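Participant: Using our numbering, the letters of the sequence shown correspond one by one to residues 2 to 317. Provided herewith is a single structure, encoded as structure tokens, for subsequent inquiry.
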Amino acid sequence: MTLERVLATLQQWVLFAGVGVAVGCVAWRALVAPRAARMVGDTHTARLRLIERRVAGVGAITVLVLVAAWALRMVVQVMGFRDPFVPLSEDVSFLMFETFWGTVWMAQGAILPLLAAAFWRARGPLTEEAGQRISFRFSAAWGVALALVLMLVATLALSGHAMGVDSGRPFIVAADALHTLASGSWIGSLCIILTVGHPMERNGEDVALFAAQLRGFSTGALVSVSTLIAMGVVLAWTHLDVPSSLWTTGYGRILSAKIAVAGMVFAAGLWNWRVGLPSCETSDGAAAVRRRAAFEVALAAGVLLLTAILVHSVKP
Numbered sequence: 002m003t004l005e006r007v008l009a010t011l012q013q014w015v016l017f018a019g020v021g022v023a024v025g026c027v028a029w030r031a032l033v034a035p036r037a038a039r040m041v042g043d044t045h046t047a048r049l050r051l052i053e054r055r056v057a058g059v060g061a062i063t064v065l066v067l068v069a070a071w072a073l074r075m076v077v078q079v080m081g082f083r084d085p086f087v088p089l090s091e092d093v094s095f096l097m098f099e100t101f102w103g104t105v106w107m108a109q110g111a112i113l114p115l116l117a118a119a120f121w122r123a124r125g126p127l128t129e130e131a132g133q134r135i136s137f138r139f140s141a142a143w144g145v146a147l148a149l150v151l152m153l154v155a156t157l158a159l160s161g162h163a164m165g166v167d168s169g170r171p172f173i174v175a176a177d178a179l180h181t182l183a184s185g186s187w188i189g190s191l192c193i194i195l196t197v198g199h200p201m202e203r204n205g206e207d208v209a210l211f212a213a214q215l216r217g218f219s220t221g222a223l224v225s226v227s228t229l230i231a232m233g234v235v236l237a238w239t240h241l242d243v244p245s246s247l248w249t250t251g252y253g254r255i256l257s258a259k260i261a262v263a264g265m266v267f268a269a270g271l272w273n274w275r276v277g278l279p280s281c282e283t284s285d286g287a288a289a290v291r292r293r294a295a296f297e298v299a300l301a302a303g304v305l306l307l308t309a310i311l312v313h314s315v316k317p
């Protein structure tokens, strides 16, 4: 594998993972936090506010990582496009201003700093009144962050394989964007709960809040998984000429491996939902759920890696 292919796969993997976490941050605030607040009541307001502040901070840091991946994306593109007989500046200028890829890349460059600022602004004040109720509405900063995340997801679809289809391109691009949104809403928000919303101490209050987040997450996760599977089938159908391509072509074999690992993620999530959710309100039960969910997220990272490899593979 060449250096260009390694860098291309790395930047695509970081890009997919980072966008997934960004989607997870806004999904947590839009879907998980309001449901958790209704379940636990006013007694956990201060703690949930603190988690919200940390989620926004994670979003801001994630966007900074995405900026690095965004810059590396141009480096990789220039490496593949480079004409040794013309100045480097001419190649870069052509990519940026005379290709649709460059237009999308520059749009991402405009979105990312605005998104970082929106996440940072969404952190809110450092302290809150202990008895203050949490609003179920987004603040203006969270609203801006949501809009920018949706734009960022759209740019991924507009620069991927979905743009290469011959017919029904708008539908396929929309399916690709929905696929990314569903993945981030599921795995991204689960990752947020595991890293930021997990119990800091094994006491009743922290465990109860963790359980409330899991219960708030589970309903949205079912919708996300259903959407993810449906859009995945649509995208696979458009990228393969015949079903036998799944095992007779290099692209198909990588896609088959992705489907197999994704199936393991679905199975792990289903097991945790059926077995872990009923017992997550106890300290031992919450710890067991965290271990299984961490395994689920690790498998999902493998799916994203295979997806990154697919992006730079030749379709049959």
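Beta carbons are placed, not taken as given, at the ideal position from N, Cα and C, and that holds for glycine. All values derive from a computational prediction rather than experimental measurement.
(1) Answer yes if the segment 226–236 comes into contact with the segment 58–73, meaning at least three C-beta pairs across the two stretches below 8 Å, and no otherwise.
(2) Pull up the distance between the alpha-carbon of residue 132 and that of residue 145, whole angstroms please.
(3) Smallest Cα separation from residue 317: which of 22, 241, 298?
(4) Taking the alpha carbon of residue 221 as the reference point, which residue from 301, 81, 274 has its own alpha carbon closest?
(5) Quick one: is residue 297 buried, meaning 16 or more other Cβ sit within 10 Å of its Cβ, or exposed?
(6) Do residue 208 and residue 295 have their CB atoms nearer than 8 Å?
(7) Roughly how many angstroms lie between the CA atoms of residue 72 and residue 313, to the nearest whole one?
(8) Quick one: what's got a C-beta closer than 6 Å to residue 106's C-beta in the same chain, skipping five residues either side?
(9) Could you have a look at residue 5 and say whether DSSP puts it in helix, strand or coil?
(10) Does residue 45 come out as helix, strand or coil in the three-state DSSP assignment?
(11) State the CB to CB distance for the pair residue 239 and residue 194, rounded to an integer number of angstroms; the pair is presumed to be in contact (CB under 8 Å).
(12) Look at the alpha carbon of residue 149 and the alpha carbon of residue 112, and state the distance between them as a whole number of angstroms.
(13) So, at 6 Å on beta carbons, what are the nonlocal neighbours of residue 28 in its own chain, with the 5 sequence-adjacent residues on each side left out?
Facilitator: Considering the structure as presented:
(1) no
(2) With a pLDDT of 47 at residue 132, under the threshold of 50, the predicted position of this residue should be treated as unreliable, though the coordinate-derived value follows. So the alpha carbons of these two residues sit roughly 27 Å apart.
(3) 241
(4) 274
(5) buried
(6) no
(7) 17 Å
(8) none
(9) helix
(10) helix
(11) Actually they are not in contact, since the Cβ atoms of residue 239 and residue 194 sit about 33 Å apart, beyond 8 Å.
(12) 6 Å
(13) 186, 190
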